[in-house]
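Participant: One structure, as structure tokens, below. Some questions next.
Chains as they are written, first to last, in the working numbering: chain A, 1 to 244; chain B, 245 to 488.
Quick look at the structure:
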């Protein structure tokens with residue numbers, strides 16, 4: 001799957017991923033008046049806006065990254081919008097990175113993998129996952145990546161202000177937690193390295209920390225990076241960009 | 245909310261929480277033949293089994309813990325089963341701990357909190373959350389706990405075999421990661437300590453590690469513990485018990 005993403009980036013000459021985080025306050029005034037402000041109306045407005053955005057960029061941007069939380073916050077109707085958004089983006093040839101930061105003990109991660117990476121309802125190409133539980137919480141996703149030609153992005157160093165509280169802590173051996181997670185990611189991906197030298201086990205590395213980014217780039221030569229916060233994360237009016 | 249949980253435990257004289265992880269292969273033979281094996285049939289069988297389990301124990305067990313992953317694995321119909329299960333358990337007077345290990349940057353955690361802790365569709369009393377992103381990924385949940393009289397269980401030390409890979413790492417100052425998370429949890433909870441001395445910011449501490457459990461119990465005097473793996477987690481035929 002990582003090869004497909006890289007080829008799409010090469011084809012379009014653009015390494016940007018469009019975040020799709022539905023927030024009613026950011027829906028344009030052209031769309032809002034078409035629907036009432038019930039939960040159902042809000043969901044319809046969000047779906048129309050997502051489709052408009054996808055229509056506007058599918059031939060210049062390779063991938064979308066819907067943030068699951070904002071759909072879940074709209075309840076089951078919101079989760080239906082997530083499903084339809086994923087389907088719509090895929091039908092337009094875009095790659096879908098479902099940003100859900102899932103992760104649990106092995107048998108439960110396997111269930112999350114079934115939900116999002118197997119060919120179930122959501123049909124994501126990539127899923128973001130959380131490494132706090134260690135290898136047996138991640139390997140069920142890795143196995144399914146091989147089986148279903150999918151990928152994951154593991155949180156290594158996040159872009160939020162307090163990411164340093166745990167991720168930057170330094171071990172007795174001098175390494176930080178995020179460096180240790182980085183080396184685990186390289187290990188988890190070693191059986192799925194594609195023709196461009198990157199594996200299906202990719203990483204989220206916050207670009208608000210350029211020093212760490214440079215360091216990790218050197219230490220994780222086979223890991224593709226998703227870099228949220230590159231540019232627009234903190235600009236209220238447009239929260240729609242992340243970058244590879 | 246932690247006071248309500250403690251009072252319920254005292255009232256019933258039982259500190260057990262019943263996990264509700266729907267897996268078709270564990271549905272009893274009395275229920276299976278009533279439904280076909282389509283996704284919808286499986287969902288109906290799971291809901292009936294959940295309701296049977298709740299009916300059987302609501303007067304002896306204080307709380308249920310549905311594991312979100314297994315419902316998500318059944319798609320949107322499965323998430324409807326989750327919602328109905330939460331509603332049914334609450335209507336029977338049980339406390340609902342939604343086990344979903346959510347967590348992200350602040351604005352996204354806020355959306356997860358809206359989904360599960362505010363009075364939205366799911367109406368959980370407690371939510372399990374992941375601390376890897378640090379304080380600003382957790383505080384939106386903490387704020388909503390105060391506002392909506394809810395609680396969270398933060399992962400501190402998990403019960404899976406590879407939990408040691410990150411959680412047991414020792415810092416330069418001699419502390420382990422799980423101890424550091426433990427002290428963050430105490431801090432996050434300091435404004436919500438109830439009449440029994442525990443806060444609404446509770447913890448998940450795997451009982452497969454009794455030494456750590458004892459240590460943490462001493463270091464986290466205001467934190468209530470959810471202890472998965474106490475007894476039945478690895479016994480295939482009954483995966484339905486966790487314990488406070």
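Cβ coordinates follow ideal geometry from the N, Cα and C atoms, glycine included. Computed from a prediction, not measured in an experiment: that's the story for all the values here.
Report the residues of the segment 440 to 473 of chain B with a CB closer than 7 Å to any CB of chain A, ordered along the chain.
Facilitator: none
Participant: Closer than 7 Å, CB to CB, is residue 302 (chain B) near chain A or not?
Facilitator: no
Participant: In the DSSP assignment, the alpha helix (DSSP H) including residue 140 (chain A) goes from what residue to what residue?
Facilitator: 135 to 148
Participant: For my contact list, residue 89 (chain A) and residue 81 (chain A) are in at a C-beta cut-off of 8 Å; report their separation, rounded to the angstrom.
Facilitator: Going by Cβ atoms, the distance from residue 89 (chain A) to residue 81 (chain A) rounds to 12 Å, so no, they are not a contact pair.
Participant: Quick check on the burial criterion: 16 or more other C-beta atoms within 10 angstroms. Buried or exposed for residue 103 (chain A)?
Facilitator: buried
Participant: In three-state DSSP terms, what is residue 461 (chain B)?
Facilitator: helix
Participant: In this structure, what does DSSP give as the bridge partners for residue 189 (chain B)?
Facilitator: Residue 189 (chain B) cannot be examined here, being either before or after the span of chain B that is shown, 245 to 488.
Participant: With residue 151 (chain A) and residue 200 (chain A) assumed to form a contact (beta carbons below 8 Å), what rounded beta-carbon distance in angstroms separates them?
Facilitator: 4 Å
Participant: Alpha carbon to alpha carbon, how far is residue 391 (chain B) from residue 363 (chain B)? Give it in angstroms, no decimals.
Facilitator: Answer to the nearest angstrom: the Cα atoms are 11 Å apart.
Participant: What's the C-alpha gap between residue 61 (chain A) and residue 153 (chain A)?
Facilitator: 19 Å
Participant: Counting pairs of Cβ atoms below 8 Å between the segment 106 to 121 of chain A and the segment 314 to 322 of chain B, do you hit three or more?
Facilitator: yes
Participant: So if DSSP puts residue 62 (chain A) in a beta bridge, which residue, or which two residues, is it bridged to?
Facilitator: Looking at the DSSP assignment, residue 62 (chain A) forms no beta bridge with any residue, so it has no partner.
Participant: Please determine if the segment 434 to 449 of chain B and the segment 457 to 471 of chain B are in contact, where contact requires at least 3 C-beta pairs separated by less than 8 Å.
Facilitator: yes
Participant: Got a sec: which bits of the segment 156 to 190 of chain A sit with their beta carbon under 8 Å from any beta carbon on chain B, in order along the chain?
Facilitator: 158, 159, 160, 161, 162, 163, 164, 165, 166, 167, 169, 170, 171, 172, 177, 180, 181 and 184
Participant: Enumerate in chain order the residues of its own chain whose CB-to-CB distance from residue 52 (chain A) is below 7 Å, with the five nearest sequence positions on each side excluded.
Facilitator: none
Participant: With DSSP run on the structure shown, which of helix, strand or coil describes residue 482 (chain B)?
Facilitator: Per-residue confidence for residue 482 (chain B) stands at a pLDDT of 42, beneath the threshold of 50, marking its modelled position as unreliable; the derived number appears in the next sentence. In this structure, residue 482 (chain B) counts as coil in the three-state DSSP scheme.
Participant: Can you tell me whether residue 28 (chain A) is buried or exposed? The criterion is at least 16 other CB atoms within 10 Å of its CB, across all chains shown.
Facilitator: exposed
Participant: Could you spell out where the beta strand (DSSP E) holding residue 20 (chain A) opens and where it closes?
Facilitator: Unbroken beta strand (DSSP E) run through residue 20 (chain A): 16 to 20.
Participant: Assuming residue 344 (chain B) and residue 372 (chain B) are in contact, meaning their beta carbons sit under 8 Å apart, how far apart are those beta carbons, in whole angstroms?
Facilitator: 6 Å
Participant: Between the Cα of residue 74 (chain A) and those of A:164, A:42, A:83 and A:54, spot the shortest distance and give me the residue it belongs to.
Facilitator: If you compare the alpha carbons of A:164, A:42, A:83 and A:54 with that of residue 74 (chain A), the shortest gap goes to A:42.
Participant: Quickly, what does DSSP pair residue 176 (chain A) with across the bridge? List them, please.
Facilitator: A:170
Participant: Judging by CA-CA distance, which residue of B:302, B:338, B:432 and B:389 is the nearest neighbour of residue 245 (chain B)?
Facilitator: In terms of Cα proximity to residue 245 (chain B), the closest of B:302, B:338, B:432 and B:389 is B:389.
Participant: With the cut-off set at 7 Å, would you say residue 178 (chain A) and residue 157 (chain A) are in Cβ contact?
Facilitator: yes
Participant: List, in chain order, every chain B residue whose beta-carbon is nearer than 7 Å to that of residue 87 (chain A).
Facilitator: Those within 7 Å of residue 87 (chain A) in chain B number zero; the least Cβ separation is about 12 Å.
Participant: On the CB-based measure, 16 or more other CB atoms within 10 Å of its CB, does residue 21 (chain A) come out buried or exposed?
Facilitator: buried
Participant: Output, in sequence order along the chain, the residues in the segment 23 to 38 of chain A whose CB is closer than 8 Å to any CB in chain B.
Facilitator: Answer set for the segment 23 to 38 of chain A: empty.
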